[in-house]
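Undergrad: Handing you this structure, nothing more for now.
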Amino acid sequence: MNLKKPIALFAGIALFILPFFLELEGLSLMGHITLGIFLLAAVFWVTEPIPIYATSLLVIFLQILFLSVQGPLFQLNEVPSATPAAVEEGVWEIPAGALQDGERVLLLVNKNRAEAVPVEVVGEDAETVTVRSDLVAANSRLVLDADHWLLEFPAPGYTSYLNALANPIIILFLGGFVLASAAVKYQLDRNLTRVILRPFGTKPAYVTMGLMLVTAGLSAFMSNTATTAMMMTVILPIVAQLDPNDRYRIGIALAIPFAANVGGIATPIGTPPNAIVIGALQEQGVSIAFGSWMMLAVPLVVVLLVFVWWLLLKVYPAREERIVLDLSGKFNLSWKAVTLYVVFGLTVFLWVTEAWHGLSSSVVAFFPIAALTAFQVIEKDEIRNLSWEVLWLMAGGIALGISMRDTGLAEWLIGLIRWDAMGAFLVLAVFGFVAAGLSNFISNTVAASLLVPLAVTLGASGILAEGVSFEMNAVIIAVGASLGMALPISTPPNAIAMSTGMLRTADMAKMGILIGIVGLIIALALSQVLWPLLGLK
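Position in the sequence shown counted from 1, then plus 172, gives you this note's numbering.
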């Protein structure tokens, strides 16, 4: 009997319950509850006793249950309160315990919110106080315990957590999924690959370059998993014509997943960590436009792709001088396919020109959703087959980040470390390398979900007097999460490449670790030189 799942379930549930029995200094009761949800999510996401998307839905359910004003904690408990007794017009007799600091009272607005109202004391005895105030009314509820735990956290309505399932970033990704699904259905991806590869000729080095550019370009706008699956079928005929001992076989098989992982960094829809970061920044009032993200990320992607290309050719040189590719085929010219081409091109144009027209990338993303379904370019079967579980996973990460911020948990966790002694650049490096390290063993989306709330809180806290902002911290986490590609389990593209039987784990680990380190060094250099010039403070 495999005990891994039962042990993981028990560990997650035990860690969820544990904070209920602790009294952690400086952390509110709601912060304790959120800590329990955070620990459960971390254990379940890493060990997967239930699917990771199911964990995200569980996170949202627990937030509604324990942190929303409609949950039983808030419905079954009340702040001690009393009503004032009228003495004369504008004069009230109130319990002595309702007077705060001798000059104000707290009026209960709803079950867990109170409003401070100034009063003038005109008389008092042992049990009551007579006050004058035009803001107190006969139906006012006077708070008798200003430190009651219900007032520590202004609990939102349950829709605040359900809204994570329709967060603008979720819609942005949904638009990308719809475009990708239609592109696969009408073979736009394959035809673009055929057209783009033709100019690269037959020399192995240039064939590798072409394959990497196509893979990275498609992964910027489509699922890197789907892109890798398609591109691996493209290279199989290449591998078949090579000598079994030709090391170029390994190099070209590694080029596809590595290019897919790197290419996803280029756009907000390229990989979920990018979306999680943009969503977290939006919660802080910072909006990064689609084109602005590309200006930050594309230089990194280009430099890193060149390095990966050079590295793979150096370590896995080709014996053959010429490789023949089958580039036959033609574009689908049916009216539905042409509609897709127009919608796809217009959507990408609107995304990269967001600064010109002012429509947010999420609003633009709804255009292909509406247009492609209205014209039945994609139908209900394709809609059913979209990667809904990825959207749920992202929503759980977004919702967890919101509650960690609002309950003070993220700030409390940040306060456990002497960040001010580390320096701004070291903080960036720590977040980047931790994100990359975690992403080698767990989903990069999960790694970003766990780290981004901490980074955002640190940047916004002012702990670093001359340090980086939450923007820089968050972006470096997104990059680091995408650079965790050392193992077959690190990313779906790695797993797909490994499943072909052409690779050994040792080859992937050796190259993946080196590429991750170099990629982070390049990103950290850009964070000091280029990114501030582009407005990332």
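Glycine residues also receive a C-beta, built at the ideal position from the N, C-alpha and C atoms.
1. Can you give me the start and stop residues for the beta strand (DSSP E) that N282 sits inside?
2. Would you please state the rounded distance, in angstroms, between the beta carbons of L346 and L563? I believe it to be under 8 Å.
3. Once DSSP output is grouped into helix, strand and coil, what is the label at L271?
4. With H, G and I counted as helix, E and B as strand and the rest as coil, what does DSSP make of A637?
5. Using only the alpha-carbon positions, how far apart do V470 and A438 sit?
6. Mapping DSSP to helix, strand and coil, what is I668?
7. Run through DSSP, which three-state label would P290 get?
8. The beta strand (DSSP E) spanning E260 covers which residue range?
9. Taking all protein chains shown into account, decide if F192 is buried (16 or more other Cβ within 10 angstroms of its Cβ) or exposed.
10. Span of the beta strand (DSSP E) holding T145?
11. Please list, in chain order, all residues of the same chain as Y225 whose beta carbon is under 6 Å from its beta carbon, the five residues on each side excluded.
12. Should G691 be labelled buried (16 or more other beta-carbon atoms within 10 Å of its own) or exposed?
13. Does the beta-carbon of M357 have 16 or more other beta-carbons within 10 angstroms, so that it is buried, or is it exposed?
14. Are the beta-carbon atoms belonging to R313 and V263 less than 7 Å from one another?
15. Run through DSSP, which three-state label would V515 get?
16. Could you compute how far the alpha carbon of M657 sits from the alpha carbon of V277?
17. Which of the three DSSP states, helix, strand or coil, is assigned to E265?
18. Within 10 Å of its beta-carbon, does A427 have 16 or more other beta-carbons around it, so buried, or fewer, so exposed?
19. Could you give the residue range of the beta strand (DSSP E) that holds T302?
20. So what's E296 in DSSP terms, helix, strand or just coil?
21. The alpha helix (DSSP H) spanning N721 covers which residue range?
22. What is the residue span of the alpha helix (DSSP H) that S228 lies within?
23. How is the alpha helix (DSSP H) around Q247 delimited, first residue to last?
24. Going by other Cβ atoms of all chains shown within 10 Å of its Cβ, with 16 needed for buried, is R421 buried or exposed?
25. On the premise that A669 lies in contact with M404, defined as a C-beta separation below 8 Å, what is that separation, rounded to the nearest angstrom?
26. Please state if the CB of G269 and the CB of T579 are separated by a distance shorter than 7 Å.
27. Compare the C-alpha of L337 against each of S699, A571 and I649 and name the closest.
28. I need the DSSP call for A327, collapsed to helix, strand or coil.
29. Can you say whether A432 is buried or exposed, counting buried as having 16 or more other CB atoms within 10 angstroms of its CB?
30. I'd like the span of the alpha helix (DSSP H) that includes V353, first residue to last.
31. Under 8 Å by Cβ, that's how I've got S228 and G673 pegged, so tell me the actual separation to the nearest angstrom.
32. For A427, name the three-state secondary structure that DSSP assigns.
33. For L314, which beta-bridge partners are listed by DSSP?
34. With distance defined between alpha-carbon atoms, name the residue in G573, A646 and P625 nearest to A601.
35. If we ignore side chains and look at the alpha-carbon of each, how far apart do N339 and M466 end up?
36. What does the alpha-carbon distance come out to for the pair I541 and G451?
TA: Based on what the coordinates show:
1. R276 to N282
2. 6 Å
3. strand
4. Low confidence applies here, because A637 scores a pLDDT of 48, under 50, leaving its location unreliable and the question unanswered by this model.
5. 5 Å
6. helix
7. strand
8. Note, E260: beta strand (DSSP E), A257 to E260.
9. Result: exposed.
10. The question about residue 145 has no answer, for the chain in this structure spans 173 to 709.
11. E561, W564 and L565
12. buried
13. At residue 357 the sequence reads Lys, which differs from the Met that was named. Buried, by the Cβ-count rule.
14. no
15. helix
16. 58 Å
17. strand
18. buried
19. T300 to R304 is the span of the beta strand (DSSP E), which, as asked, contains T302.
20. Three-state result, E296: strand.
21. The shown model of the chain, from 173 to 709, leaves out residue 721, and the question about it has no answer.
22. I224 to L239
23. P244 to Q247
24. Under this definition R421 is a buried residue.
25. The beta-carbon separation of M404 and A669, rounded to 6 Å, stays under the 8 Å limit for a contact.
26. no
27. A571
28. coil
29. Buried, since its Cβ has 16 or more Cβ neighbours within 10 Å.
30. For clarity, residue 353 is Ser in the given sequence; the question names Val instead. Counting along the chain, the alpha helix (DSSP H) containing S353 begins and ends at P340 to K357.
31. With a Cβ gap of about 33 Å, S228 and G673 do not count as contacting.
32. helix
33. A254 and L279
34. A646
35. 21 Å
36. 20 Å
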